[in-house]
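Residue 166 in the working numbering sits at position 128 of the sequence shown, with consecutive numbering throughout. Don't be surprised by glycine CBs; every beta carbon is placed ideally from N, CA and C. These notes concern the structure reproduced below.
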Amino acid sequence: MAFIRYAAIGCSGMGRRHLHGLAQLKRSGLANIELAAVCDLNAESARSMADEAAALFGARPAVYADIGQMARENPEIVAADIATDAGSHMSVALQCFAAGLHVLCEKPLGITVSECRRIVNAARDAGRVLSVAENFRRDPINRLVKALLDDGAIGTPRLMLETSIGGRDVMVQTPWRHQKPSGMVVLDSGVHNADIIRFYMGGVASVYGESRLHEKTRRVAARAGGSASETDKWWRAPGGMPTEFEASGDDATYSQLRFTSGAIGQWVNDRAGHGEHRESRVIHGSKGSIVAPGDRNGRPVTLHLDDGSVIADARVLEHAPSYRLGPVAAALFGDARPWTYSFAFDEVDQRILALQLHELADCVMHGKAPEVTGEEALADVALAYAPIESGRLGRSVSLAEVIDGEAAPYQAEIDEMRRRS
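What follows is the structure, given as structure tokens:
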């Protein structure tokens, strides 16, 4: 099989997850991409990931701390997989495009819409692929929900309810996810929700909302009920963690959306919620409703129809005739039309990352556009910020205003903070 060579940039938590995504792709027999180098400012992290790659693949990638040097010394490398902290995405992506590399970048694409725009423009000017690793939509169950909506299973969609409440005062994975200038949690997690909302319901016309910083001090705590997963260990490996720290970025947004279709959405993204933890996603239409089970858990969709039937088994496929995974996804998940699956979280994560790496290589080799382009990812970042900007301005904002920078006072503060740093 034809393949491209790429470099992995960012060798800590997310970088290790991407590495295991490549391993999953190789196990499938469909690998069209080979790891040639790893790059990280932290030499220990880079060497450690190179060692892990050698153990997985039988060959040790070259180790670098400088993107330009890496590209000059390895002209066979044509693409980069960026899995650094969100605050460095713009800097790293611009260096990659300057070196002539195609890019797969983790989400969020940039810390603000203006940073996303600089990345998108750089990709365009360099004539290179820019793909963004937004993973929720690639979950087969979310593909099924999308097909149910497109095939009219619940008639015309009227209302989407997206709710995420929980977290209390506990750190979410890393301290930088709670800081205003480096990728606060309502952006880092909220961009996932923003993308799935747009994937299901289409364009967003306007948003009215507010935001809060509820928990100004975050504490580091082990997950209740057991030891950390391998993913947790990767996040926590470099440098250790404080026991607590001060947070500066908003940790909750509350909003009402109006879609271009005329449908309405209500979105609660409260990452400081106490009491009952709640994750729910429901779409109501003119003939029924869909209860989506969430992401990367394999649980079945529940379809409620006006004739009183409640369907939460394989019969749901009868209402989604267009639903069919692509050949690579079907091979990775073992079925072209799965309505459920039983993989553990890490196994699902690896399969979705495998899809993203395969798509990058396919786009590079055949001149295709990726599913989540830079413009799509920019709109996701804009939607994550829209309730904050609405609250600051005291009015509804159009998504176009946020995208164009006309309604972005909160982001303007972040841009200024980052220019000064």
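- Task: Could you have a look at M39 and say whether DSSP puts it in helix, strand or coil?
- Result: Secondary structure at M39: coil, using DSSP grouped into helix, strand and coil.
- Query: V410 and S227 look like a contact to me (Cβ under 8 Å); what is the Cβ gap, rounded to whole Å?
  - Reply: 17 Å between Cβ atoms; not a contact.
- Message: By alpha-carbon positions, which one of G405, G205 and I115 ends up nearest to G313?
- Response: For the residues G405, G205 and I115, the minimum Cα distance to G313 belongs to G205.
- What are the start and end residues of each continuous alpha helix (DSSP H) run of 4 or more residues lying completely inside the segment 339 to 419, in chain order? Entirely contained in the segment 339 to 419, the alpha helix (DSSP H) runs reaching 4 residues are, in chain order, 365 to 371 and 383 to 404.
- Item | Alpha-carbon spacing of R155 relative to E282, whole angstroms | So the alpha carbons of these two residues sit roughly 34 Å apart.
- Please report how far the alpha carbon of A161 lies from the alpha carbon of S126, in whole angstroms. Answer to the nearest angstrom: the Cα atoms are 16 Å apart.
- In chain order, which continuous runs of the beta strand (DSSP E) of length 3 or greater are located wholly inside the segment 135 to 222? Runs found: 140 to 144, 168 to 171 and 195 to 205.
- Roughly how many whole angstroms lie between the Cα atoms of S220 and M455? When rounded, the distance between both Cα atoms is 10 Å.
- Item | Among H357, G287 and K145, the one whose alpha carbon lies nearest that of H252 | Residue G287 is the option with its Cα nearest to H252.
- Specify, as a first and last residue, the run of the alpha helix (DSSP H) that S66 falls within. Taken as a continuous stretch (DSSP letters only), the alpha helix (DSSP H) holding S66 covers G51 to S66.
- Query: Which residue from N159, G323, A399 and Q107 puts its Cα closest to that of L341?
  - Reply: Closest by alpha carbon: G323.
- Same chain, Cβ closer than 6 Å to S318, neighbours up to 5 away in sequence not counted: Apart from the 5 residues on each side of it in sequence, S318 sits with its Cβ closer than 6 Å to the Cβ of T201 in its chain, given in chain order.
- Message: Less than 8 Å between the C-beta atoms of D207 and R256, yes or no?
- Response: Result yes, Cβ atoms of D207 and R256 sit closer than 8 Å.
- Using the beta-carbon count (16 or more within 10 Å), is L363 buried or exposed? Within 10 angstroms of the beta-carbon of L363 lie 16 or more other beta-carbons, which makes it buried.
- Would the segment 359 to 378 and the segment 59 to 77 be scored as touching if the rule is three or more Cβ pairs under 8 Å? Counting Cβ pairs under 8 Å, three or more are found: they touch.
- Using alpha carbons as the reference points, say which of Y423, A61, R54 and M39 lies closest to L393. If we check each option's Cα against that of L393, A61 comes out closest.
- Query: Run through DSSP, which three-state label would D442 get?
  - Reply: For D442, the secondary structure class from DSSP, reduced to helix, strand or coil, is helix.
- Message: How far does the beta strand (DSSP E) with S244 in it extend, from its first residue to its last?
- Response: Here the beta strand (DSSP E) through S244 covers V242 to R250.
- Message: I believe Y246 touches Q294 by the beta-carbon criterion, under 8 Å. Please report the beta-carbon distance rounded to the nearest angstrom.
- Response: Distance from Y246 to Q294 at the Cβ level is roughly 5 Å; contact confirmed, criterion being Cβ atoms closer than 8 Å.
- Task: Find out if the Cβ-Cβ distance for the pair Y44, A118 is shorter than 8 Å.
- Result: With respect to the 8 Å criterion, Y44 and A118 are classified as neighbours on the basis of their beta carbons.
- Task: Measure from the alpha carbon of I452 to the alpha carbon of each residue in G412, R334 and Q217, then state which is nearest.
- Result: Restricting attention to G412, R334 and Q217, the CA atom closest to the CA of I452 is found in Q217.
- Work out the CA separation of C401 and R166 for me, nearest whole Å. Cα to Cα, R166 sits roughly 10 Å from C401.
- Keeping to the same chain, check which residues put their C-beta closer than 8 Å to that of L462; ignore five residues upstream and five downstream. With the chain covering 39 to 459 only, the question about residue 462 has no answer from this structure.
- Message: Spatial neighbours of G190 within its chain, please: C-beta separation below 6 Å, excluding the five flanking residues on both sides.
- Response: Here the set comprises nothing.
- With which residues is I120 paired in a DSSP beta bridge? Bridge partners of I120: I47 and C143.
- Could you check which residue in L197, G311, S347 and T378 has the C-alpha nearest to that of T298? Answer by Cα proximity: L197.
- Whole-angstrom C-beta distance between I192 and I328, which should lie under 8 Å: Sure, about 6 Å apart at Cβ, within 8 Å.
- May I have the straight-line CA-CA distance separating A100 from D89, to the nearest angstrom? A100 and D89: Cα-Cα distance of roughly 10 Å.
- Query: Would you say the segment 134 to 144 touches the segment 369 to 376, given that touching needs at least three Cβ pairs under 8 Å?
  - Reply: No, the segment 134 to 144 is not in contact with the segment 369 to 376.
- Message: Between V348, Q133 and L73, which has its C-alpha nearest K325's C-alpha?
- Response: Per the Cα distances, V348.
- Assign L437 to one of three DSSP states: helix, strand, or coil. Three-state DSSP puts L437 in a helix.
- Message: Can you tell me whether P447 is helix, strand or coil according to DSSP?
- Response: Residue state, collapsed to three classes: helix.
- Task: Have a look at I105 and S428 and give me their C-alpha separation to the nearest angstrom.
- Result: Cα to Cα, the separation comes out at about 39 Å.
- Task: Drop a sphere of 10 angstroms on the beta-carbon of L57, count the other beta-carbons inside from all chains shown, and report buried for 16 or more, exposed for fewer.
- Result: It counts as buried.
- Message: Can you find the residues in the same chain that come closer than 6 Å, C-beta to C-beta, to A290, ignoring five residues on each side of it along the sequence?
- Response: R250, H252, D308 and A310, listed in sequence order.
- Message: Rounded to the nearest angstrom, what separates G264 and P113 at their Cα positions?
- Response: With a pLDDT of only 36 at G264, under 50, the local geometry of the prediction cannot be trusted, and the value read off the model is given with reservation. When the Cα atoms are used, G264 and P113 turn out to be separated by approximately 46 Å.
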